[in-house]
Structure formats: structure tokens, C-alpha cells
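Chemist:
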Amino acid sequence: MQISDLIPIGKLGIPISQEDDFIIFRPRTKISLENLKDIFLVFPDHRVRYVTIDKVATTRKNRFRILETEVLEEMKNLKNVTVMLDQETWSRVNKEITGFLFNYKVEYKDKIIGKITTSFWNKEQLILVVKTNQHEFMVPKVPEFVSQIEEKQKLIVLKNIDELMQL
48 MQISDLIPIG KLGIPISQED DFIIFRPRTK ISLENLKDIF LVFPDHRVRY VTIDKVATTR
108 KNRFRILETE VLEEMKNLKN VTVMLDQETW SRVNKEITGF LFNYKVEYKD KIIGKITTSF
168 WNKEQLILVV KTNQHEFMVP KVPEFVSQIE EKQKLIVLKN IDELMQL
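So in the numbering used here, spot 157 of the sequence shown is number 204, and the numbers just go up one at a time.
1) Count the other CB atoms, across all protein chains shown, that sit within 10 Å of the CB of Leu-88; report buried if there are 16 or more and exposed otherwise.
2) Quick one: grab the DSSP three-state call for Met-122.
3) Note down the Cα distance separating Lys-201 from Ile-159, rounded to an integer number of angstroms.
4) What whole-angstrom Cβ distance do Pro-295 and Thr-129 have, given they're in contact under 8 Å?
5) Quick check on Glu-197: does DSSP put it in helix, strand or coil?
6) If I'm right that Pro-74 touches Gly-60 with Cβ under 8 Å, what's the distance once you round it to whole angstroms?
7) Who are Pro-187's beta bridge partners in DSSP?
8) What is the residue span of the beta strand (DSSP E) that Asp-85 lies within?
9) So, at 6 Å on beta carbons, what are the nonlocal neighbours of Pro-91 in its own chain, with the 5 sequence-adjacent residues on each side left out?
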């Protein structure tokens, strides 16, 4: 496996807590540490370490401890350690993050125009892919375009998407 095969999900913060060895995690995506067991740490000099998350802090968000104490010692004073996932783990976690709107019907101007075929996180927001009878288009899941989501009816109501539909 090459570093280019890995997907960056965030960076580690410093300092590492001296009393409990918890590491601060600064995510680039909406990812939950509870969904992860093993991660790759890529150091500034391009060394890669595969580590196991031992415990996620429940008192403060985005902090975790690893099993490998020797790796912990290596990174105590380093900045810019990147946290990465392999493709398989990323696919599983990304599906957990984005998959909840899959197959929702899409309503626009009081008409059902299609359904959500997939979605993905683009580092800033969730992007919904809408398939209509004529074509597919993408819509960011932001208040400007999504007026409501009806979970019981599996329906998402959109607004202001005329220009997006023409792209």
C-alpha cells in the first residue's frame, strides 16, 4: 500500500495530554472517532504508523488514545501528523456519514422530481446526487437549497435549484 492509497481525514493536535495520553484530533470531515478502530498516522517526514484506537474520550470531543505507546512517544512534540484511512475503511465510514438520505424522494415546487441516488462529503458539506427522469444533478445539503427533510416519508424538499438542475 502507498501513501497515495490513503485518504486524509484530519490532523493531530498538540499537546498530547500528559496525565492520560489522549490525543487531540482535528477532523477535516464529519467523522466520528467511535466509528474507527485502526488508523494510519503519517508524520511530516513521511513515516507511516498503523495504530489502534484504544479509547475515545467521552468528556471532551475529538480526543482519543492509542494502544501503541512507542508511537505516542514518537509524536509527542511533532506538529502536522496527518490521520488517514485506507479505502475500505473510508468507504464504510463515509457510507455511515452520508447514506441516511439514500433513495429519499425529492420534491421541488410541490412535485416529486426524482430521488437521491448517492451522497458524498466534499470536506465542507454533504452533496446530494439527485436523479430525475431526464438527468442527474448535485445539490449541497445547505439551508439555501434544502427546505426540509421528512424522515418518516423519506422525502427531501428542495428550493432555489433551477440553476443547479440546468448544470
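A virtual CB, placed ideally from N, CA and C, is assigned to each residue, including glycine.
Modeler: The short version:
1) Here residue 88 refers to the residue found at position 41 when the sequence shown is read from its first residue. Label assigned to Leu-88: buried.
2) Along the sequence shown, one-based indexing puts residue 122 at 75. Three-state result, Met-122: helix.
3) Translated into positions along the sequence shown, residue 201 becomes position 154. Translated into positions along the sequence shown, residue 159 becomes position 112. Their backbone Cα atoms lie some 12 Å apart in a straight line.
4) Residue 295 lies beyond the residue range present for the chain, which begins at 48 and ends at 214; the question has no answer from this structure.
5) Position 150 of the sequence shown, counted from the first residue, corresponds to residue 197. Glu-197 falls in the strand class under three-state DSSP.
6) For the purposes of this step, residue 74 is identified with residue 27 of the sequence shown, where counting begins at 1. For the purposes of this step, residue 60 is identified with residue 13 of the sequence shown, where counting begins at 1. Going by Cβ atoms, the distance from Pro-74 to Gly-60 rounds to 11 Å, so no, they are not a contact pair.
7) Here residue 187 refers to the residue found at position 140 when the sequence shown is read from its first residue. Beta-bridge pairing links Pro-187 to Ile-174.
8) Taking the first residue of the sequence shown as 1, we reach residue 85 at position 38. Looking at the DSSP string, the run of the beta strand (DSSP E) that includes Asp-85 is 85-89.
9) Within the sequence shown, residue 91 is the residue found at index 44, counting from 1. Answer for Pro-91: Asn-127, listed in chain order.
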